[in-house]
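Q: Numbering (my numbering), first residue to last: 4 to 483.
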């Protein structure tokens, strides 16, 4: 071990011993430590007991056994220290108490050899030593498993029998059997209290597990109910729309190409919506909604063909072109500007980037019909920067208050990946959505937008002279 390095808290041998004894691993949790005031009361009681053993024991050893004051104080100090140590380290405290008891008995035996005494003192366990060892055994039984308590009690009984039966003394009152009985009572009380505490803890844990399982089952039932309703209602209507769009050209005599293209676009949108809905239903019907998030896949983006909805390919940045074309066909003038070198991103980053752009374009279609939209995708060294800006609408806007879930969903997607998103009107009547997604796609607190963060300049081509709502190119920076 290098100089100055802290010693390891648990050596392998000590760790195995603790495992066998079942000692409470945290030294910061003395017995009766559930409540702070109760722990304080325990400390005070043990402290008073140790102080009383120190004073009363030293006086008794000096008067009854003929110890010198220094030796008497040393003997009782070992017992008092063992009682205090038992609050944190019960096994070493038991060893210290038993060793101190043997040391005191051996010293007292020499004084008991004097035949002229008015009374016979207790031996080998004097009263203060007996009380101290009982307290140590009680605290030990509260902190270790039953087999550790039985082992300590058996060792104490064996040492007591060897000292009393093997050495003996000329004039004493034998206390070995009485001491063993009292030690057994203290150990039984401590073991019973520990068993009761463990039973209550296990009951609380089982209650918590039961409540969590009940909540999980309730969540799964609600998810299944939502999945059934989505399947029965939304999927049905989308299927009908797709079929009607496919059949409609055959019901019209000599349909125009524009009509065919529009109907084909309707059918393709319906089919894509069904595909996305199938993926959502697979997620809702999953039995373990948290597994993918714990594995670093917060959107359940397993590989195609292996997830809960293997028929649903995940959209990514490569499909932005198709999304732009689809939006143009719906009536928006959209341009896309790609900057930087495209690189491989985690699947969650690509999906979130696609969804953010998709939602921004949908909002432009809904709230700014006929507007011009610019989509910028900037591949930077630490992530991807997105900016979707639309001009003022060129046609009257139909009332569409919306629910606000779209913007909330975009912000949640960015935040889950450690990025950020801002969405606000610009100074010229349009709207701007900016987002940054880190390339790692890991969960971390979103960083604020730096003042020097690159922001694109959005310039729209001039409209025709007869446009009733000519937008002005925004010159100010986007609202953060």
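In this text, a Cβ means the ideal position worked out from N, Cα and C, and glycines have one as well.
With DSSP as the reference, label residue 393 as helix, strand or coil.
A: In the structure shown, residue 393 sits in a strand (DSSP, three-state: E or B).
Q: Alpha carbon to alpha carbon, how far is residue 185 from residue 159?
A: If I take the Cα positions, the gap works out to 12 Å.
Q: Taking the CB atoms as reference points, tell me whether residue 60 and residue 131 lie closer together than 8 Å.
A: Contact flag set, yes.
Q: Taking the alpha-carbon of residue 335 as reference, which of 362, 375, 252 has the nearest alpha-carbon?
A: Ranking the options by Cα distance to residue 335, first place goes to 375.
Q: Using C-beta distances below 6 Å, list every residue in its chain close to residue 331, excluding the 5 sequence neighbours before and after it, in chain order.
A: The residues are 337.
Q: Which one of 161, 110, 191, 177 has the shortest CA to CA distance from residue 140?
A: Of the candidates 161, 110, 191, 177, the one whose C-alpha sits nearest the C-alpha of residue 140 is 191.
Q: Measuring only the C-alpha atoms, how far is residue 372 from residue 393?
A: Straight-line Cα distance between these residues: approximately 10 Å.
Q: Quick one, are the C-beta atoms of residue 494 and residue 82 less than 8 Å apart?
A: The shown model of the chain, from 4 to 483, leaves out residue 494, and the question about it has no answer.
Q: In chain order, what residues of the same chain lie with their CB nearer than 6 Å to the CB of residue 342, ignoring the 5 residues before and after it?
A: Closer than 6 Å at Cβ, skipping near neighbours: 381.
Q: Could you give the distance in angstroms between the alpha-carbon of residue 276 and the alpha-carbon of residue 241?
A: Their backbone Cα atoms lie some 7 Å apart in a straight line.
Q: Could you check the C-alpha separation between residue 431 and residue 413 for me, to the nearest Å?
A: Roughly 23 Å between the two C-alpha positions.
Q: Which residue wins for smallest C-alpha separation from residue 339, given the options 364, 355, 145?
A: Minimum Cα distance to residue 339 is reached at 364.
Q: For residue 95 versus residue 146, is the C-beta distance shorter than 8 Å?
A: The answer is no: Cβ separation not under 8 Å.
Q: For a test of the three-state rule: what should DSSP assign to residue 386, helix, strand or coil?
A: Reduced to three states, the DSSP call for residue 386 is strand.
Q: Helix, strand or coil for residue 179? Go by DSSP, reduced to three states.
A: Helix, per DSSP.
Q: Kindly indicate which residue of 397, 166, 435 has the alpha-carbon position closest to the one of residue 109.
A: Comparing Cα positions, the closest option is 166.
Q: Determine the DSSP secondary structure at residue 44, reduced to helix, strand or coil.
A: If DSSP states are grouped into helix, strand and coil, residue 44 belongs with the helices.
Q: Starting from the C-beta of residue 71, find all residues in its chain whose C-beta is less than 8 Å away, skip the five residues before and the five after it, and write them out in chain order.
A: These residues qualify, in order along the chain: 65.
Q: Just verifying my parser: in three-state terms, what is the DSSP assignment at residue 379?
A: Correct three-state label for residue 379: strand.
Q: Taking the beta strand (DSSP E) that residue 337 belongs to, which residues open and close that run?
A: 336-342 is the span of the beta strand (DSSP E), which, as asked, contains residue 337.
Q: Just the C-alpha distance for residue 323 and residue 255, rounded to the nearest angstrom, thanks.
A: Cα to Cα, the separation comes out at about 33 Å.
Q: Helix, strand or coil for residue 425? Go by DSSP, reduced to three states.
A: Looking at residue 425 - three-state DSSP - the assignment turns out to be strand.
Q: Who pairs with residue 436 in a beta bridge, going by DSSP?
A: BP columns for residue 436 point to 391, 426.
Q: Measuring only from the beta carbon, is residue 184 closer than 7 Å to any heavy atom that is part of the ligand GTP?
A: Because no ligand of any kind appears in the structure shown, any question about the ligand GTP cannot be addressed here.
Q: Within a Cβ cutoff of 6 Å, which residues of the same chain sit near residue 268, ignoring the five residues on either side of it in sequence?
A: These residues qualify, in order along the chain: 332.
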